[in-house]
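The opening position of the sequence shown corresponds to residue 199 in the numbering used here, with each subsequent residue numbered one higher.
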Amino acid sequence: MIESRFVEPFDWEPDKERLKRAMLFEAVDRVPHIDNLIEDKHVEKLLGRYAGNTLAYGGDPAKGPGGENLRPMKADDFIDLCNIIGQDVISFDAGMWTPLKRENENAKLVQVSDRSVKNKKDFGSLVLDSENEIEKAVKYMREYREAVVKRKSKLGVCPVSGCVMQTLYEFVVGMDDFMMMVYE
Numbered sequence: 199m200i201e202s203r204f205v206e207p208f209d210w211e212p213d214k215e216r217l218k219r220a221m222l223f224e225a226v227d228r229v230p231h232i233d234n235l236i237e238d239k240h241v242e243k244l245l246g247r248y249a250g251n252t253l254a255y256g257g258d259p260a261k262g263p264g265g266e267n268l269r270p271m272k273a274d275d276f277i278d279l280c281n282i283i284g285q286d287v288i289s290f291d292a293g294m295w296t297p298l299k300r301e302n303e304n305a306k307l308v309q310v311s312d313r314s315v316k317n318k319k320d321f322g323s324l325v326l327d328s329e330n331e332i333e334k335a336v337k338y339m340r341e342y343r344e345a346v347v348k349r350k351s352k353l354g355v356c357p358v359s360g361c362v363m364q365t366l367y368e369f370v371v372g373m374d375d376f377m378m379m380v381y382e
C-alpha cells in the first residue's frame, strides 16, 4: 500500500482490463480512470514528494515543447500516483507536440515554438524529426512496461502523441497568422 500523508488511496486497484472492457461496451466494476495531465503541485501533494507532473519531470510540455532533456515522469512515481488515485493507465508524453524543428546557427536541430513561421518559405525550412521522437517514445514505453511488470501491477501504459494542428497554431505559426493562412 502506498503511503500518502494527505490523501487516502483509492480503494480499487488500477487495471488496464477495465478500460479495455469499457471501450468494447462491456460491463465494468467502475468507470475507468485515465488522465493525461496532473499538474506538479497536485502530484507533490498526493505523493508527499516532488515528482514533476504526469507529462514531464522538470518541465511542462502542456504549455508547449520543453527542452531536449525533458523526460516523462519517472516510472515508480507514476505507478505510486496511479495506485493512490485509482488511475488505470499511465499515459505519457510520447511526442505530444509535432516535432517540427529547424537548424540553429550551430547546425543543431532545435524545436520550433516561437511562432516564427509566417509563410511557405519559413514552413519549408522546417524538419519533421520523427525518428528521434519515436526512439524516445519506445525507450520510455519499455521503461514503464518494465516497472509495471516488476511491481506486478495491472496498470496499462499508453503513449500520447499527435497534436498536429495545435502545435501549428499555438507554437509554430501563432493563432492569428494560422487562421489567416487557413482563410487565405
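Using N, Cα and C, we set each Cβ at its ideal position, and we do this for glycine too.
1) What does I288 pair with, by DSSP beta-bridge criteria?
2) Just to confirm before moving on: does the CB-CB distance between H231 and Q285 stay below 7 angstroms?
3) Smallest Cα separation from M363: which of V380, V355, S351?
4) Under the DSSP definition of a beta bridge, which residues are partnered with V308?
5) Going straight from the alpha carbon of R272 to that of D374, what length do you get?
6) Compute the Euclidean distance between the alpha carbons of G256 and D238, then round it to the nearest angstrom.
7) Determine the contact status of V371 and N234, defining contact as a CB-CB distance below 7 angstroms.
With the structure as the only source:
1) V355
2) yes
3) V380
4) R300
5) One detail in the question is off: residue 272 reads as Lys in this sequence, not Arg. Going from the Cα of K272 to the Cα of D374 covers about 37 angstroms.
6) 9 angstroms
7) no
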